[in-house]
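Enquirer: Numbering (our numbering), first residue to last: 7 to 724.
Don't be surprised by glycine CBs; every beta carbon is placed ideally from N, CA and C.
Next up is a structure, given as structure tokens.
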């Protein structure tokens, strides 16, 4: 049995090993938007070296801080278009998030790869076999498809019998390209072609002769745009490629079958390029043995670990679960008559080792029993289109689950289309039922690494909560302005009839930050958490943690961080980062009403206005934000809300009339405001009239408690 060690989780690494660099700069006006980091080049930084990378985006001016979520890394800001990243030799290879902080705010993250091999930047003249750029082995190259139909050539010398891995990445590193490549032998004969079935193709092969080999890289659709960058790597030596099952218990040892190249302890077989062996892993203990396996936590969207072997490149993601696991017994379950027995609840760890593979499972259910089914293939990084079908014992189709369609309305963290099916089912009678799992892409695809997961549980109410930048920074990063309020947007995904309030609170907030707990009412999914930043705080990038609990405290969930791309797509990230930028020029704070509120009654608030080294030159226009509903859960408005306040009053009374159709209960309320401010010139600048600058701000969030109306016979509102 191998020794297992739990390496510190990524979240802890991000907190303790984050690289930061900051510069003191003069304030800029708040009319500028937060930075929008859309690309970096090169895409990778080798461990044990310093790399200059160029930044691409908008509003990348006055960069004060740069952060890479990798342990031990240091960053020097060269200018507003470039950084120097120095990576110690001991920093673990992998993909990490890069963010930049300007005086106006924090950028969204962009992935940067740290490699264990030397990496060069391509010579864009290497467009013929004779001009091919030479690579070190092992080694890599960062390059671009500069024009439509661009082809890049690379060469490397090697010896007969050497096992190599060639891989080309783009999309997972923030690029837009879909690369393919071919390999030619020293004789000029093309001996290998990367599979078009893989978005980021890889080749594993043993070289047939000694000499100089050539790689031709091209975009499969011969397209080119500003983000058509890729990373090509050629590596030798032991490499871990896959493990099955990749779903293991969270609290006890498991036997895994691993696959790789030149695996330690496996006798060489001239007829088999890919090798396999069985290992034991236990994520809950640290058992002594002859070799070690180490883990690091994966995305917060799934419980899991990274499996790595000593003296072996590569890592494999393992998922962990507390639900009983069923391992696919391929090929015994390829028909309904030989269906594999499962018991509900369960997590199925499945595999499609051959093309056209079909996996059948059978289970019993009682009449009226409600089940929840969720499949994972695409969400595990597979090029896979899963389909789930339920049959009765006579072969009649009862349910078919396929792609999830894009939800109508505004985008949310759970509204995107997906090839992974999910759904619920109610047993029409007691008996035996059959589940068929198949991959619609599987007509021509199969392999040890083509794995899926199907989770089947009894349908019980549950929820998930996602956090991402508020409305003012939606496609950037969360920005904190000292003295002011900042909103973190929240979204509750209510599952299987969950209709209770959800309590959100910040965990271990960094010093100088405060946040009131938020109770999201049962009728509401979207809300915000308001963070107050002390005026004494200096430029920095901080990590926030939020936790969600149900009203009865029976369900406790980590709030899952997200970011929003320029296209409006939600993407999971490892940390909810927030950057401290310029002090807030205007702060507006509202106080909860002092008098009890009743349905149809008057809402009275007090708004406190604060300004720093600036003066307000125009009225403050207000917008009220709340989600109020009637007894049928339909939205009802506020009537006659105060729409503006004078710029000269430090305290103002705000009023609105509650609807007489309002359902009594608790409601969240906050305001957004726009105005124009004039900044005082710096002491060393000549006095001149400042030009007014538009400013957008948000207030804190308050909870309104509304009681039933006391005079139900009064005239109805119009």
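DSSP has residue 139 in a bridge; who is on the other side?
Expert: The residue you call residue 139 lines up with position 133 of the chain shown. BP columns for residue 139 point to 160.
Enquirer: If you compare alpha carbons, which of 79, 626, 257 and 642 is closest to residue 310?
Expert: In the chain shown, the residue the question calls residue 310 occupies position 304. Closest option to residue 310, Cα to Cα, is 257.
Enquirer: Along the chain, where does the beta strand (DSSP E) that runs through residue 265 open and close?
Expert: Reading the chain shown from its first residue, position 259 is the one you call residue 265. 260 to 267 is the span of the beta strand (DSSP E), which, as asked, contains residue 265.
Enquirer: Using only alpha-carbon positions, find the residue among 58, 652, 266 and 519 that is nearest to residue 319.
Expert: By one-based count along the chain shown, residue 319 stands at place 313. Of 58, 652, 266 and 519, the residue nearest in Cα terms is 266.
Enquirer: For residue 706, count neighbouring Cβ atoms within 10 angstroms of its own Cβ and tell me buried if that reaches 16, exposed if not.
Expert: Along the chain shown, read from residue 1 onward, the residue named residue 706 stands at position 700. Buried.
Enquirer: Check residue 179 in the structure and name its three-state DSSP category.
Expert: Residue mapping note: residue 179 aligns to position 173 of the chain shown, counting from 1. Residue 179 falls in the helix class under three-state DSSP.
Enquirer: What residue range does the beta strand (DSSP E) around residue 509 cover?
Expert: For the purposes of this step, residue 509 is taken as residue 503 along the chain shown, with counting starting at 1. Counting along the chain, the beta strand (DSSP E) containing residue 509 begins and ends at 508 to 512.
Enquirer: Does DSSP put residue 168 in a helix, a strand or coil?
Expert: As a working note, residue 168 is residue 162 in the chain shown. Coil, per DSSP.
Enquirer: Does residue 389 come out as helix, strand or coil in the three-state DSSP assignment?
Expert: Stepping through the chain shown from its first residue, residue 389 is reached at position 383. Of the three classes helix, strand and coil, the one that applies to residue 389 here is coil, per DSSP.
Enquirer: Ordered along the chain, which non-local residues of its own chain (more than five positions away) have a Cβ less than 7 Å from that of residue 144?
Expert: Residue mapping note: residue 144 aligns to position 138 of the chain shown, counting from 1. Hits under 7 Å: 123, 240, 241 and 242.
Enquirer: Leaving out five residues before and five after residue 412 in sequence, what residues of the same chain have Cβ atoms less than 6 Å from its Cβ?
Expert: To locate residue 412, count along the chain shown from 1; it is residue 406. Cβ neighbours of residue 412 beyond the five flanking positions: 423.
Enquirer: In angstroms, rounded to a whole number, what distance separates the CA positions of residue 178 and residue 155?
Expert: Here residue 178 refers to the residue found at position 172 when the chain shown is read from its first residue. Here residue 155 refers to the residue found at position 149 when the chain shown is read from its first residue. Using only the alpha carbons, I get a separation of about 22 Å.
Enquirer: Distance check for residue 491 and residue 704, CA to CA, integer angstroms please.
Expert: Against the chain shown, residue 704 aligns to sequence position 698. Against the chain shown, residue 491 aligns to sequence position 485. One C-alpha to the other measures close to 6 Å.
Enquirer: Are residue 590 and residue 476 closer than 7 Å when you measure CB to CB?
Expert: Counting from one through the chain shown, the residue named residue 590 turns up at place 584. Counting from one through the chain shown, the residue named residue 476 turns up at place 470. It is not a contact, given that the beta carbons lie outside the stated cut-off.
Enquirer: In angstroms, rounded to a whole number, what distance separates the CA positions of residue 620 and residue 626?
Expert: In the chain shown, the residue the question calls residue 620 occupies position 614. In the chain shown, the residue the question calls residue 626 occupies position 620. Rounded to whole angstroms, residue 620 to residue 626 spans 14 Å at the Cα level.
Enquirer: With residue 116 as the anchor, note down where its beta strand (DSSP E) starts and where it stops.
Expert: Sequence index remark: in the chain shown, residue 116 carries index 110 (1-based). Residues 116 to 121.
Enquirer: What number of angstroms, rounded off, separates the C-alpha of residue 37 from the C-alpha of residue 515?
Expert: In the chain shown, residue 37 corresponds to position 31, counting from 1. In the chain shown, residue 515 corresponds to position 509, counting from 1. Interpretation of residue 37 is limited by its pLDDT of 47, a score under 50 that renders its predicted location unreliable; the figure taken from the coordinates is listed afterwards. Taking the straight line from one Cα to the other gives about 29 Å.
Enquirer: For residue 237, write down the residues that DSSP places opposite it in a beta bridge.
Expert: By one-based count along the chain shown, residue 237 stands at place 231. Answer is 148 and 175.
Enquirer: For residue 237 and residue 647, I'd like the C-alpha separation in whole angstroms.
Expert: For the purposes of this step, residue 237 is taken as residue 231 along the chain shown, with counting starting at 1. For the purposes of this step, residue 647 is taken as residue 641 along the chain shown, with counting starting at 1. Answer to the nearest angstrom: the Cα atoms are 56 Å apart.
Enquirer: Does the region 54 to 67 come close enough to the region 86 to 96 that 3 or more CB-CB pairs lie under 8 Å?
Expert: Yes: the two stretches touch, three or more of their Cβ pairs being nearer than 8 Å.
Enquirer: How about the region 549 to 562 and the region 501 to 515: do they share at least three Cβ pairs that are nearer than 8 Å?
Expert: With the cut-off at 8 Å, the region 549 to 562 and the region 501 to 515 touch.
Enquirer: Closest to residue 102 by C-alpha separation, out of 51, 673 and 263, would be which residue?
Expert: One-based indexing of the chain shown puts residue 102 at position 96. Cα-wise, what sits closest to residue 102 is 51.
Enquirer: With residue 254 as the anchor, note down where its beta strand (DSSP E) starts and where it stops.
Expert: Position 248 of the chain shown, counted from the first residue, corresponds to residue 254. Unbroken beta strand (DSSP E) run through residue 254: 253 to 255.
Enquirer: Please state the DSSP three-state secondary structure of residue 713.
Expert: Looking up residue 713 in the chain shown gives position 707. Correct three-state label for residue 713: strand.
Enquirer: Assuming residue 605 and residue 427 form a contact by the criterion Cβ under 8 Å, report the distance between their Cβ atoms to the nearest whole angstrom.
Expert: The sequence position of residue 605 within the chain shown is 599, counting from 1. The sequence position of residue 427 within the chain shown is 421, counting from 1. That pair is no contact at about 43 Å.
Enquirer: Counting only the same chain and skipping the five closest in sequence on each side, list residues whose C-beta sits under 7 Å from that of residue 574.
Expert: For the purposes of this step, residue 574 is taken as residue 568 along the chain shown, with counting starting at 1. Here the set comprises 417.
Enquirer: Out of 452, 450 and 431, point me to the one whose CA is closest to residue 440's CA.
Expert: The residue labelled residue 440 in the question sits at position 434 within the chain shown. Among 452, 450 and 431, the Cα nearest to that of residue 440 belongs to 431.
Enquirer: Can you grab the Cα-Cα spacing for the pair residue 133 / residue 43, in whole Å?
Expert: Numbered from its first residue, the chain shown carries residue 133 at position 127. Numbered from its first residue, the chain shown carries residue 43 at position 37. Using only the alpha carbons, I get a separation of about 30 Å.
Enquirer: Taking the Cβ atom as the reference point for each residue, do residue 244 and residue 268 lie within a distance shorter than 7 Å?
Expert: For the purposes of this step, residue 244 is taken as residue 238 along the chain shown, with counting starting at 1. For the purposes of this step, residue 268 is taken as residue 262 along the chain shown, with counting starting at 1. In contact: residue 244 and residue 268 (Cβ atoms closer than 7 Å).
Enquirer: Determine, using beta carbons only, whether residue 409 and residue 425 come nearer to each other than 7 Å.
Expert: Within the chain shown, numbered from 1, the residue matching residue 409 stands at position 403. Within the chain shown, numbered from 1, the residue matching residue 425 stands at position 419. Cβ distance < 7 Å, so residue 409 and residue 425 count as in contact.
Enquirer: Quick check on the DSSP output: the beta strand (DSSP E) that includes residue 5 runs from which residue to which?
Expert: Residue 5 cannot be examined here, being either before or after the span of the chain that is shown, 7 to 724.
Enquirer: Applying the 10 Å Cβ sphere with the 16-neighbour rule, what's the burial state of residue 271?
Expert: As a first step, residue 271 must be located in the chain shown, where it is residue number 265. It counts as exposed.
Enquirer: If we count Cβ pairs, one from each stretch, closer than 8 Å, do we get three or more for the region 353 to 369 versus the region 469 to 488?
Expert: No, the region 353 to 369 does not touch the region 469 to 488.
Enquirer: Within a Cβ cutoff of 8 Å, which residues of the same chain sit near residue 698, ignoring the five residues on either side of it in sequence?
Expert: For the purposes of this step, residue 698 is taken as residue 692 along the chain shown, with counting starting at 1. So the qualifying residues of the chain are 623, 624, 682, 683 and 684.
Enquirer: DSSP beta-bridge partners for residue 469?
Expert: The sequence position of residue 469 within the chain shown is 463, counting from 1. According to DSSP, which records beta bridges pairwise, residue 469 is partnered with 500.
Enquirer: My guess is that residue 355 and residue 252 are in contact by the Cβ rule of under 8 Å, so how many angstroms apart are they, rounded?
Expert: Along the chain shown, read from residue 1 onward, the residue named residue 355 stands at position 349. Along the chain shown, read from residue 1 onward, the residue named residue 252 stands at position 246. 7 Å between Cβ atoms; contact.
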